[in-house]
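*Asks:* The structure follows.
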Amino acid sequence: DQQVKQNSPSLSVQEGRISILNCDYTNSMFDYFLWYKKYPAEGPTFLISISSIKDKNEDGRFTVFLNKSAKHLSLHIVPSQPGDSAVYFCAASNSGAGSYQLTFGKGTKLSVIP
Amino acid sequence: DTGVSQNPRHKITKRGQNVTFRCDPISEHNRLYWYRQTLGQGPEFLTYFQNEAQLEKSRLLSDRFSAERPKGSFSTLEIQRTEQGDSAMYLCASSLQAGTPLHFGNGTRLTVT
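As they're listed, the protein sequences go chains A and B. Quick note, my numbering runs 1097 ahead of the 1-based positions in the first sequence. Quick note, my numbering runs 109 ahead of the 1-based positions in the second sequence.
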């Protein structure tokens, strides 16, 4: 049973436009959410996070939105750049569990077309 | 801050052999995690250390797997009697404290032939 779902395996966006990556979760105990970016042959790189006490967090071109009632979060990248082309993973954890281990989705491959 | 370092980057072994991977976390990070990633999947949690104590293990961590973190610094992950199903990318991550992001290394890619 997959607790974190990224239903779009891939996404293509024109350079300069907005990229929107979506993520759904089923475990209501999750209260800390992160996005990671992964290039081939490298480990995941932390991008941005959000706690369940917030519904939005911004960092430069990246904004994460959290809708707790819908158990949905999204990552917006504006404007998209060719260097953003990578696989993006959504991850979630339950702070009550102590370990803060992350449960990941399967990833969405973003291609930004020049 | 030199990041999380993992060695080797690649390991090819024959079925039945033992392998050991090493992870050097970011200094001063007391939390260390091992994950496994297979093709088309996200990373899956294997085990977690806080300092030298192994506090959590996933069901994925069979008896053939053992992890250690002596003195709370580097960590090793050993797989005994490897099977073809063990072929995967093994990722190590560390974090400074509870509620802070995990920082991953570039992984060790294991191929069991």
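By construction, the Cβ of each residue, glycine as well, lies at the ideal position given by its N, Cα and C atoms.
Near A/Ser1148, what residues of its chain come up, given a Cβ to Cβ distance below 6 Å and the 5 sequence neighbours on each side ignored?
*Replies:* Cβ neighbours of A/Ser1148 beyond the five flanking positions: Tyr1129.
*Asks:* Taking contact to mean at least 3 C-beta pairs separated by less than 8 Å, is the stretch 1157-1165 of chain A in contact with the stretch 140-147 of chain B?
*Replies:* No, they do not touch.
*Asks:* For B/Gln223, does the three-state DSSP call read helix, strand or coil?
*Replies:* Residue 223 of chain B falls outside the range modelled here, since chain B spans only 110 to 222, and no answer is possible.
*Asks:* Below 8 Å, can you find three or more Cβ-Cβ pairs linking the stretch 1199-1207 of chain A to the stretch 1100-1110 of chain A?
*Replies:* Judged by Cβ distances under 8 Å, the stretch 1199-1207 of chain A makes contact with the stretch 1100-1110 of chain A, as three or more pairs qualify.
*Asks:* Going by the beta-carbon positions, is the gap between A/Val1209 and A/Lys1135 smaller than 8 Å?
*Replies:* No. Outside cutoff.
*Asks:* According to DSSP, is B/Lys180 part of a helix, a strand, or is it coil?
*Replies:* Residue state, collapsed to three classes: helix.
*Asks:* For B/Gly125, would you say it is in contact with chain C, using Cβ-to-Cβ distances shorter than 8 Å as the test?
*Replies:* Among the protein chains of the structure shown, namely A and B, there is no chain C.
*Asks:* If I measure Cβ to Cβ from A/Gln1178 and keep anything under 7 Å in the same chain, skipping five residues before and after, which residues do I get?
*Replies:* Cβ neighbours of A/Gln1178 beyond the five flanking positions: Glu1112 and Val1209.
*Asks:* Look up B/Gln193 in the DSSP assignment and say whether it is helix, strand or coil.
*Replies:* Reduced to three states, the DSSP call for B/Gln193 is helix.
*Asks:* For B/Phe213 and B/Arg131, which I take to be in contact (beta-carbon distance under 8 Å), what is that distance rounded to the nearest angstrom?
*Replies:* B/Phe213 to B/Arg131, Cβ: 15 Å. No contact.
*Asks:* Could you check whether B/Gln189 and B/Val221 sit closer than 8 Å to each other, using their CB atoms as the reference points?
*Replies:* No, Cβ-Cβ distance for B/Val221 and B/Gln189 is not below 8 Å.
*Asks:* Should B/Leu164 and B/Leu155 be called a contact, given that it needs their Cβ atoms to be closer than 8 Å?
*Replies:* Not a contact, by the Cβ cut-off of 8 Å.
*Asks:* Do you know how far the Cα of B/Thr185 is from the Cα of A/Met1126?
*Replies:* So the alpha carbons of these two residues sit roughly 31 Å apart.
*Asks:* Mind checking the stretch 1129-1146 of chain A against chain B and listing, in chain order, the residues whose C-beta falls within less than 8 Å of any C-beta there?
*Replies:* Cβ contacts with chain B: Tyr1129, Leu1131, Tyr1133, Ala1138, Glu1139, Gly1140, Pro1141, Thr1142, Phe1143 and Ser1146.
*Asks:* Which bits of chain A does B/Glu177 rub up against, with CB to CB less than 9 Å?
*Replies:* In chain order: nothing, as chain A lies at least about 17 Å away.
*Asks:* Closest to B/Phe158 by C-alpha separation, out of B/Asp133, B/Gln150, B/Gly149 and B/Thr147, would be which residue?
*Replies:* That would be B/Asp133, whose Cα lies nearest to the Cα of B/Phe158.
*Asks:* B/Lys120 bridges to which residues according to DSSP?
*Replies:* Paired residues: B/Leu219.
*Asks:* When you check each C-beta in the stretch 1155-1173 of chain A against every C-beta of chain B, which residues fall closer than 9 Å?
*Replies:* Listed in sequence order: no entries.
*Asks:* As a quick exercise: from B/Leu211, B/Gln206, B/Tyr199 and B/Ser136, pick the residue whose alpha carbon is nearest that of A/Phe1143.
*Replies:* A/Phe1143 has its Cα closest to that of B/Leu211, out of B/Leu211, B/Gln206, B/Tyr199 and B/Ser136.
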